Amino acid sequence: QIVWISHSEKMSQSYESYIISSESIHDISKLSQYSREDQILYTLTQIKHINCIKIIAPLRWIISNLSSNNKFDTKDKNAEDQRTSLSVEAFIKENYNFASEAQKIRFTGEIFLNYQEFQEAQKFFERLYDLGEKANDFTVKQIALIKIGVIHNALGNISRSLEYFEKTTLKSGDWSFVNSNSLFNIGLIVQKQGNYLKALEIYEQSLNLAQKEQKLSQQAIVLQAIGNVYYEQENLPKASEYFEESLLIYRKIGDLKGIA
1 QIVWISHSEK MSQSYESYII SSESIHDISK LSQYSREDQI LYTLTQIKHI
51 NCIKIIAPLR WIISNLSSNN KFDTKDKNAE DQRTSLSVEA FIKENYNFAS
101 EAQKIRFTGE IFLNYQEFQE AQKFFERLYD LGEKANDFTV KQIALIKIGV
151 IHNALGNISR SLEYFEKTTL KSGDWSFVNS NSLFNIGLIV QKQGNYLKAL
201 EIYEQSLNLA QKEQKLSQQA IVLQAIGNVY YEQENLPKAS EYFEESLLIY
251 RKIGDLKGIA
């Protein structure tokens, strides 16, 4: 349980320092009965001036997974705009109550990961793995392993990162439970290890998912990564083919950084 402290005291825990403010806690006594995830998510609903885009934009895919009644269609531009403009309070009310225990733990871990609070994020994903282990839920365990691997990669622990990815279904090719970006991150790590064939295989699967998700920017990024692999292998014709395809998409979406 979180140790809730009054607004006059200095908050010492890292997750409290930026999530909890003196204005955000109205009835501390009622919160003590809830889990850490519920308390953190409740607190988020009380913060009125938080940058909701910073939290929600990187977690858009969670919206469709948390709610049993998905009201958002990624193909609908208006729905996309609506998603990014949702307040945290509305987001939680619409989706969090539908979430299972595993989804709540995962969601909280994603928030810490988004804020680059890697140690806190890892704690939640380790709990997620334990929950999946107890429930014998293959998908939950795989997601937890991937996220912990991503954390180690972000910290520069490449070998540790690969250890976690190797525990997943990396060899089976069954990636239906992850999004394109997560798979892309795995490809980057495998490429760093010099395993180009495996990296290409993973990038191709990431590209397929990006196409299914209709994410043009992600498609361009993955195509560029595939081109980089062929370039490192000195297969210039093949590299040029993928670079040109990536460039076309960057121009289409007006991504000047990608074009450069």
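Residue numbers (UniProt numbering): 1 to 260. Where is the CB? At the ideal position from N, CA and C, for every residue including glycine. Keep in mind it's a predicted model, so treat the numbers as computed, not measured.
*According to the neighbour-count rule (16 or more other Cβ atoms, all chains shown, within 10 Å of its Cβ), is N153 buried or exposed?*
For the purposes of this step, residue 153 is taken as the residue at position 153 of the sequence shown. By the neighbour-count rule (16 or more Cβ atoms within 10 Å), N153 is buried.
*Distance CB(K252)-CB(L209) smaller than 8 Å*: In the sequence shown, the residue the question calls residue 252 occupies position 252. In the sequence shown, the residue the question calls residue 209 occupies position 209. The answer is no: Cβ separation not under 8 Å.
*asked:* Taking the alpha-carbon of E232 as reference, which of Y196, S246 and N114 has the nearest alpha-carbon?
replied: In the sequence shown, counting from the first residue as 1, residue 232 sits at position 232. Taking only the C-alpha atoms, the option nearest E232 is Y196.
_Output needed for R160: all residues of its chain with C-beta closer than 6 Å, excluding positions within five of it in sequence on either side, in chain order._
In the sequence shown, counting from the first residue as 1, residue 160 sits at position 160. Excluding residues within five positions, the ones whose Cβ falls inside 6 Å are H152.
*Please go through the same chain and pick out, in chain order, the residues whose beta-carbon is closer than 7 Å to the beta-carbon of K141, but skip the five residues on each side of it.*
Translated into the one-based positions of the sequence shown, residue 141 becomes position 141. If we look at K141 and ignore the five residues flanking it on each side, its Cβ neighbours are Y129, G132 and E133.
*Is the Cβ-Cβ distance between Y250 and A225 less than 8 Å?*
For this step, residue 250 is matched to residue 250 along the sequence shown. For this step, residue 225 is matched to residue 225 along the sequence shown. No. Outside cutoff.
*Count the other CB atoms, across all protein chains shown, that sit within 10 Å of the CB of E110; report buried if there are 16 or more and exposed otherwise.*
The count along the sequence shown starts at 1 and reaches residue 110 at position 110. Its Cβ being crowded by 16 or more others within 10 Å, E110 is buried.
*asked:* Quick check on E213: does DSSP put it in helix, strand or coil?
replied: Sequence index remark: in the sequence shown, residue 213 carries index 213 (1-based). In this structure, E213 counts as coil in the three-state DSSP scheme.
*What is the DSSP secondary structure of N136, counted as helix, strand or coil?*
Position 136 of the sequence shown holds residue 136. Of the three classes helix, strand and coil, the one that applies to N136 here is coil, per DSSP.
*Is the CB-CB distance between L207 and L223 below 8 Å?*
As a working mapping, residue 207 is identified with position 207 in the sequence shown. As a working mapping, residue 223 is identified with position 223 in the sequence shown. Yes, the Cβ-Cβ distance between L207 and L223 is below 8 Å.
*Of the choices N228, Q211 and E213, whose alpha-carbon is the least far from that of A199?*
The residue labelled residue 199 in the question sits at position 199 within the sequence shown. It is N228.
*alpha helix (DSSP H) segment containing F108, residue limits*: As a working note, residue 108 is residue 108 in the sequence shown. Note that residue 108 is Thr in the sequence shown, not Phe. Its alpha helix (DSSP H) spans residues E101 to N114.
*Mind checking S180: buried by the 16 CB within 10 Å criterion, or exposed?*
Against the sequence shown, residue 180 aligns to sequence position 180. Buried: at least 16 other Cβ atoms inside 10 Å.
*Verify whether the separation of the beta carbon atoms of F124 and T108 is less than 8 Å.*
As a position in the sequence shown, residue 124 is number 124, starting the count at 1. As a position in the sequence shown, residue 108 is number 108, starting the count at 1. It is a contact, given that the beta carbons lie within the stated cut-off.
*Would G194 be called buried (16 or more neighbouring beta carbons within 10 Å of its own) or exposed?*
Reading the sequence shown from its first residue, position 194 is the one you call residue 194. Looking at its Cβ environment, which holds fewer than 16 other Cβ atoms inside 10 Å, G194 is exposed.
*Cβ distance (whole Å) where I148 is taken to contact E126 below 8 Å*: Counted from its first residue, the sequence shown places residue 148 at position 148. Counted from its first residue, the sequence shown places residue 126 at position 126. So it is a contact: roughly 7 Å between Cβ atoms.
*Rounded C-alpha distance that separates T168 from E241*: Numbered from 1 along the sequence shown, position 168 holds the residue referred to as residue 168. Numbered from 1 along the sequence shown, position 241 holds the residue referred to as residue 241. Roughly 31 Å separates the two Cα atoms.
*So, I158 versus K104, is the Cβ gap smaller than 8 Å?*
Counting from 1 along the sequence shown, the entry for residue 158 is found at position 158. Counting from 1 along the sequence shown, the entry for residue 104 is found at position 104. Not in contact: I158 and K104 (Cβ atoms no closer than 8 Å).
*Flag this pair as yes or no: are the beta carbons of A164 and L183 separated by less than 8 Å?*
For the purposes of this step, residue 164 is taken as the residue at position 164 of the sequence shown. For the purposes of this step, residue 183 is taken as the residue at position 183 of the sequence shown. In the sequence under discussion, the amino acid at residue 164 is Tyr, which differs from the Ala named in the question. No, these two residues do not count as a Cβ contact at 8 Å.
*asked:* Pop quiz: F118 and L162 are said to be a contact at Cβ under 8 Å. What is the actual Cβ separation, rounded to whole angstroms?
replied: On the sequence shown, residue 118 is found 118 positions in, with the first residue counted as 1. On the sequence shown, residue 162 is found 162 positions in, with the first residue counted as 1. 17 Å between Cβ atoms; not a contact.
*With a CB to CB cut of under 7 Å and the five nearest residues on each side skipped, what residues in its chain are close to I202?*
If you number the sequence shown from 1, residue 202 lands on position 202. Contacts found: L183, I186, G187 and V190.
*Helix, strand or coil: which one does DSSP assign to N195?*
Walking along the sequence shown from the start, residue 195 turns up at place 195. N195: coil per DSSP, three-state reduction.
*Smallest Cα separation from A135: which of E204, P237 and E101?*
Sequence index remark: in the sequence shown, residue 135 carries index 135 (1-based). Comparing Cα-Cα distances from A135 to each of E204, P237 and E101, the minimum goes to E101.
_Simplified DSSP assignment, three categories, for G227_ = Position 227 of the sequence shown, counted from the first residue, corresponds to residue 227. Helix at G227.
*In terms of residues, what are the limits of the alpha helix (DSSP H) holding L247?*
As a working note, residue 247 is residue 247 in the sequence shown. Note, L247: alpha helix (DSSP H), L236 to I253.
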